[in-house]
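Under my numbering, the letters of the sequence shown match residues 1 to 127, in that order. Every residue gets a Cβ at the ideal spot worked out from N, C-alpha and C, and that includes glycine. Please read these numbers as outputs of a predicted model, since none were measured by experiment. Down below is the structure, laid out as structure tokens.
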Amino acid sequence: MAFRMMAMSHGEFKLHNYIGAQCEARFSVCYFESERNMDVTQLKTQRKSLLTSFTLSAKTVEEELTKEVTDLNQLSILRPQIGDKFSHLEKFQMDISNLILKEENDEVAYEEDFIKTEKYRDTFSEL
């Protein structure tokens, strides 16, 4: 990690971590670029673990909703978590779909892959 000392008021110094907020944008760009260089199989493998995580979260939400007394605090915690997982899934799906069309130029494979993930969109919408 790279650190830099920054002069602050009253002679104080603040240790500035370059890995912090200033570099989050750079990290996102690097992450996006590395994803671009991945092939469809690698992205599908990563998506599979996200699908599992999403499914487990969805089941937890469904279980909470079926309880006689629903814990609204628990639901307020679970909702953003499942939303975050869904947004990551959507990003992976978009990357995979783009690669299928770009590399394989196969509309049938694109449609099949899209349909496989449609049930997760439906689940998220229902929750």
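Between F54 and L89, the C-beta spacing is below 8 Å. For N98, the secondary structure class from DSSP, reduced to helix, strand or coil, is helix. At a Cβ-Cβ threshold of 8 Å, E103 and V61 do not count as neighbours. In the structure shown, the three-state DSSP call for K91 is helix.
By the neighbour-count criterion, in which 16 or more other beta carbons inside 10 Å mark a residue as buried, S87 falls on the exposed side. Its chain contains L78, Q81, I82 and K85 as the residues whose beta carbon lies nearer than 8 Å to that of S57, once the 5 sequence neighbours on both sides are disregarded; these appear in chain order. Around the C-beta of I96, 16 or more other C-beta atoms lie within 10 Å, and the residue is accordingly described as buried. In the structure shown, the three-state DSSP call for V69 is coil. Under the criterion of beta carbons closer than 8 Å, F92 and Q46 qualify as touching, at roughly 6 Å.
In this structure, L51 lies near Y120, with their beta-carbon atoms less than 8 Å apart. The DSSP-derived three-state label of L127 is coil. By the Cβ-count criterion, L65 is exposed, with fewer than 16 other Cβ atoms from all chains shown falling within 10 Å of its own Cβ.
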